[in-house]
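Each step along the sequence shown adds one to the number in our numbering, with nothing skipped, and position 205 is 729. Ideal placement from N, C-alpha and C gives every residue a C-beta, glycine not left out. Because the structure is a prediction, the values reported are computed rather than measured.
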Amino acid sequence: KKSLKVDAATASASSTSAGFVHVGKTGGSTLSMLLRNGCHSFVRKPCHIVPNETSTSRLVQAFYHVPDFHLLPASNHQIYILSVRDVYDRTISSFLYHHPKNFKYYHVTLGKQLIRQAPMAYRCFPTLEKFASFLRNGNSTECDYPYRHNEIMTEDCNKFACAVIQGRIRLIFEHLFFNYRNIYAKIPTTQPEKRLFVIRKEHLWEDWRRVDVMLRVEENQPPPHEQILPSGGSFDDVTRRNITGIN
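Structure representation (structure tokens):
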């Protein structure tokens, strides 16, 4: 069995600290395998052997996903790297991932509470189309759902669907609960020169390479001869606004 002990000679000499924020259903699990510390806080570090290790891997000291988002407010990195995805596509992926009929395909570990409540949670909307039909409030964040985030109440399917899409319910729908608004609010503002880097699932490897080129500078290593071009995108589909509630 290979040792995961990090040789001091291979560790980054930079004082810059980076945190990788894996937003659910954005390709973060794939990228985590390229990070020596790409694992939850309760796993011993380093947790991955990374051949041809990148500057990104050497600089990332902490990995934040569902079990560890509560640690973000107390973090103190100079750099945060976020994995993101088109909101519409991420919403669909999250809905299907949490669907009880798909658990066996995603190899989701189920607790007794999930096994008991997942079918009830999807009673109102067994299909994605049915779910979308309940989202009549547009981008309204005013959902009449006066229950805790771990309570499933489906007496009124319109109110329940509104609460799900607006990230008001964590039980079953954790990837929708930890949406962009929720996670971004957890990133501390105490670091005066904090910088955010974004890796889009739609351009996963292109963005990964570009971020690493920039982080090579942080690590005081010469970047490869590669031109970094600005890029961006917009999503203005009406259906996307209806499902995500974001203009």
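For the candidate residues CYS681, ALA656 and GLU653, whose alpha-carbon lies nearest to that of MET644?
The residue you call residue 644 lines up with position 120 of the sequence shown. It is CYS681.
Would you mind stating whether ASP610 and GLU726 have Cβ atoms separated by less than 9 Å?
Stepping through the sequence shown from its first residue, residue 610 is reached at position 86. Stepping through the sequence shown from its first residue, residue 726 is reached at position 202. Yes.
Any idea if ASP668 is buried or exposed, counting beta-carbon neighbours within 10 angstroms, 16 or more meaning buried?
Along the sequence shown, one-based indexing puts residue 668 at 144. Flag for ASP668 reads exposed.
Would you give the residue range spanned by the alpha helix (DSSP H) that ILE616 belongs to?
As a position in the sequence shown, residue 616 is number 92, starting the count at 1. Counting along the chain, the alpha helix (DSSP H) containing ILE616 begins and ends at 611 to 622.
If ARG694 and HIS673 are in contact, beta carbons under 8 Å, what's the gap, nearest whole angstrom?
If you number the sequence shown from 1, residue 694 lands on position 170. If you number the sequence shown from 1, residue 673 lands on position 149. Confirmed, about 4 Å.
With DSSP as the reference, please indicate the residues paired to TYR704 in a beta bridge.
Working through the sequence shown from its first residue, we reach residue 704 at position 180. Per DSSP, none; premise fails for TYR704.
First and last residue of the alpha helix (DSSP H) that includes ALA642?
Taking the first residue of the sequence shown as position 1, residue 642 is located at position 118. From DSSP, the alpha helix (DSSP H) with ALA642 extends over 636 to 645.
With DSSP as the reference, please indicate the residues paired to ALA586 in a beta bridge.
The count along the sequence shown starts at 1 and reaches residue 586 at position 62. According to DSSP, which records beta bridges pairwise, ALA586 is partnered with GLY543.
Ends of the beta strand (DSSP E) at ILE603?
Numbered from its first residue, the sequence shown carries residue 603 at position 79. Per DSSP, ILE603 belongs to the beta strand (DSSP E) from 603 to 608.
Check PHE721 in the structure and name its three-state DSSP category.
Here the question's residue 721 lines up with position 197 in the sequence shown. DSSP places PHE721 in strand when its eight states are reduced to three.
Evaluate the contact criterion for the stretch 544 to 553 versus the stretch 582 to 592: three or more CB pairs, one atom per stretch, below 8 Å.
Yes, the stretch 544 to 553 is in contact with the stretch 582 to 592.
Which of the three DSSP states is assigned to SER599 in this structure?
Along the sequence shown, read from residue 1 onward, the residue named residue 599 stands at position 75. SER599: coil per DSSP, three-state reduction.
Classify ASN642: buried if its beta carbon has 16 or more other beta carbons within 10 angstroms, exposed otherwise.
On the sequence shown, residue 642 is found 118 positions in, with the first residue counted as 1. Here the sequence assigns Ala to residue 642, which means Asn is not the residue at that position. Answer is buried; the Cβ neighbour count reaches 16.
Let me know the secondary structure DSSP gives TYR671 once reduced to three states.
The residue you call residue 671 lines up with position 147 of the sequence shown. Here TYR671 sits in coil by DSSP.
Report the three-state DSSP secondary structure of GLU730 (helix, strand or coil).
Counting from 1 along the sequence shown, the entry for residue 730 is found at position 206. GLU730 falls in the helix class under three-state DSSP.
Which residues in the same chain have their Cβ closer than 7 Å to the Cβ of LYS654, if we skip the five residues on either side of it in sequence?
Translated into the one-based positions of the sequence shown, residue 654 becomes position 130. Around LYS654: no qualifying Cβ.
By the DSSP assignment, the alpha helix (DSSP H) with GLU653 in it spans what residues?
Numbered from 1 along the sequence shown, position 129 holds the residue referred to as residue 653. Start and end: 652 to 657.
For ASN682, which of helix, strand or coil comes out of DSSP?
Position 158 of the sequence shown, counting from 1, holds the residue named residue 682. The answer is helix: DSSP assigns ASN682 an H, G or I state.
Taking its Cβ as the centre, do 16 or more other Cβ atoms sit within 10 Å of LYS549, making it buried, or is it exposed?
Numbered from its first residue, the sequence shown carries residue 549 at position 25. Under this definition LYS549 is a buried residue.
So, does the stretch 573 to 584 touch the stretch 732 to 739, judging by three or more C-beta pairs under 8 Å?
At 8 Å Cβ cutoff, the stretches touch.
Report all residues from its chain with a CB closer than 8 Å to the CB of LEU620; omit the five preceding and five following residues, and keep chain order.
On the sequence shown, residue 620 is found 96 positions in, with the first residue counted as 1. These residues qualify, in order along the chain: ASN626 and LEU652.
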